[in-house]
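Quick note: the UniProt record's numbering has the first sequence finishing at residue 430, numbered continuously throughout.
No residue lacks a Cβ here, since even glycine has one placed at the ideal position from N, Cα and C.
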Amino acid sequence: MRYQKPKGTADILPGASEKWQFVETTARELFKTYQYKEIRTPMFENFEVFSRTSGDTSDIVTKEMYDFKDKGDRHIALRPEGTAGVVRAFVENKLFGPEFNKPYKVYYMGPMFRYERPQSGRQREFHQVGVEAFGSDSPVLDVEVIAMAIAFFKKLGVSDLKLSLNTLGDKESRDAYRKALIDYLEPHFDELSEDSQVRLHKNPLRVLDSKDEKDQKFVADAPAILDYLTDEAKAHFEAVKMQLDQLNIDYVVDSTMVRGLDYYNHTIFEVMTQSKSLGHGYTTICAGGRYNGLVEELGGPEVSGVGFGLGLERLLLLLEDQEVAMMSDDALDVYVVGIGDAANQMTLPIVQAIREAGFSSDRDYLDRKPKGQFKTADRLNAKYTLTIGESELESQTANLKSMATGEEVSVSLTDVKQHFKETLEQNFNK
RNA sequence: GCGGUAUUGGUGAAGUUUGGUUAACACACCGGAUUGUGGUUCCGGCACGCAUGGGUUCGAGUCCCAUAUACCGCCCCA
């Protein structure tokens, strides 16, 4: 095999693409009911769009960015996530302007890229669906976004959902907490894992996220962000919880939950579920939160935002594991069998006529004998076959057969070409 | 970026421990079983040769090295 796809990429072939379409269609239908509109932004951006927004210390920037210099010596990066590009577009197109409704609500779906070691459900090119809503500080909007994420999984039939909630507060809260956390961890510096020793000063919140047992015993007794919230941040969080209650959406507050990206503040959340395909216990299938300040970071006005993102590869693994039915309607209606050279000259126009009547139709292109053609029709699961041979040509008729019942009837070619639907209904009552 | 395992036809794969004629078996697919009809059965066909490139050897799918890719773990995260 001479050529192979690049490491960490995948071909999505017929058979699988239907499942992707199912998920994407479900998302579009749902988002429409929430009045979120699709936005499509470039698959690559200037490197700085991501480095500015994700935080210089985040792994995403330091080692996972798929970046390169183009022929014009521009530093380009393939998008590692969706939010930064959407925010850039929001600012560049001045979507914060008075002529646009607020909140400005969009969704996106498409490929993202991270330069990392591939593993199950984690590739270098992967796909995300995400939503963003700009221009409102209201906690009710946070909850709409959360509710939409949950509704999406419910609509797909995912069971065993769990909503994990936390707040990172505003800048003041976060600074105070950061200091408290460092003060708490510093005395145990030597006992922390190597990774966490590095994290401690660069990004102490990430220590909370450590899976290392050594760290976890400190994390358990660490001060909680909730105790360091300003009155305003606290009020926002309380309002979010109250709104969730109103919607009867269950949640658990997890004060150790943090974010890999630096731009989040206030509400952050994760939707989790259990599945063997994704690992042990509850694993995250959707993550989101509020990012006030991000728009300013990219040169826009002070406009707040909130959104979520979810990975489609992981979602599809999950749907497969939970045996969610992802049907697609691609059955073949009519297979046209031609017998003999003369007849075979005549069948394509008939196939076309049937297609124009709104039915799916196909024929043989491999010069197969009648038996082979019927075999093919059977394998394609054709509902009907339409056979034309020399005698039919002479009488300008065709033999229409129901593959399910074996029932056959002679119909006129003119009828087939001009009123196929009616011809079918009259003869097979369907 | 680090570590482990793997890589034989369209598919599942045997064979690699003990290097030595024609790469097992099965499924799928194609063709045939008296002229234009789907299933079953029967018969026949189906690996430019064992990921790629080197090396060891009289001789390698079987041993060694490098590279690529996949999977798993770490890191991180969707």
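Check: Alpha-carbon to alpha-carbon, N381 and D329; Outcome: 12 Å
Check: For V324, the three-state DSSP class (helix, strand or coil); Outcome: coil
Check: D142 classed as buried or exposed, judged by whether at least 16 other C-beta atoms fall within 10 angstroms; Outcome: buried
Check: Range covered by the beta strand (DSSP E) that runs through G289; Outcome: 282-290
Check: Residue(s) in a DSSP beta bridge with N203; Outcome: Answer by DSSP bridge pairing: none, since N203 is not bridged.
Check: Rounded straight-line distance, which links the Cα of E356 to that of R379; Outcome: 24 Å
Check: Reduced DSSP secondary structure (H/G/I, E/B, other) of P370; Outcome: helix
Check: N-terminal and C-terminal residue of the beta strand (DSSP E) that H75 is part of; Outcome: 75-78
Check: Three-state secondary structure assigned by DSSP to D362; Outcome: strand
Check: Cβ contact check for the stretch 385-398 and the stretch 328-346: 3 or more pairs under 8 Å; Outcome: yes
Check: 6 Å CB neighbourhood of E172 in its chain, flanking five on each side removed; Outcome: T230
Check: Beta-carbon spacing of Y108, T41 below 8 Å; Outcome: yes
Check: Reduced DSSP category for Q128 - H, G, I as helix; E, B as strand; rest coil; Outcome: strand
Check: In DSSP terms, what F308 is bridged to; Outcome: V131, G288
Check: Close-in-space but distant-in-sequence residues of the same chain around Q35 (CB under 7 Å, 5 per side omitted); Outcome: K105
Check: Collapsed DSSP secondary structure at K37 in the structure displayed; Outcome: strand
Check: Touch test, the stretch 240-257 against the stretch 154-164, Cβ-Cβ under 8 Å, three pairs minimum; Outcome: yes
Check: L156 beta carbon less than 8 Å from that of V324; Outcome: yes
Check: Beta-bridge partners of V336, as assigned by DSSP; Outcome: R363, L386
Check: Buried or exposed by the 16-neighbour rule on C-beta atoms within 10 Å, applied to L312; Outcome: buried
Check: Local conformation of I12 per DSSP, three classes; Outcome: coil
Check: Identity of the residue in P370, T376, K371 nearest F362 by Cα; Outcome: Note that residue 362 is Asp in the sequence shown, not Phe. Of P370, T376, K371, the residue nearest in Cα terms is T376.
Check: Ranges of the alpha helix (DSSP H) found wholly within the stretch 215-261, counting only runs of at least 4; Outcome: 231-246
Check: Buried/exposed call for F153, threshold 16 Cβ in 10 Å; Outcome: buried
Check: Cβ shell of V295 (< 8 Å), same chain only, five flanking positions each side left out; Outcome: V87, F90, V91, F96, F134, P301, E302, V303, S304, G305
Check: N101: first and last residue of the uninterrupted alpha helix (DSSP H) it sits in; Outcome: That residue, N101, is in no alpha helix (DSSP H); it is neither H nor E in DSSP.
Check: Straight-line Cα distance separating I350 from I285; Outcome: 49 Å
Check: Among K276, A220, Q243, the one whose alpha carbon lies nearest that of D254; Outcome: A220
Check: Where P187 sits in the DSSP three-state scheme; Outcome: helix
Check: Neighbour-count burial assignment, Q418, 16 or more Cβ in a 10 Å radius; Outcome: exposed
Check: Cβ neighbour criterion (16 or more within 10 Å) applied to F308; Outcome: buried
Check: Reduced DSSP category for L400 - H, G, I as helix; E, B as strand; rest coil; Outcome: strand
Check: Alpha-carbon to alpha-carbon, D227 and L181; Outcome: 12 Å
Check: Under 8 Å between C-beta atoms of A353 and V416; Outcome: yes
Check: Contact under 8 Å by Cβ, V264 with L168; Outcome: Note that residue 264 is Tyr in the sequence shown, not Val. Result yes, Cβ atoms of Y264 and L168 sit closer than 8 Å.
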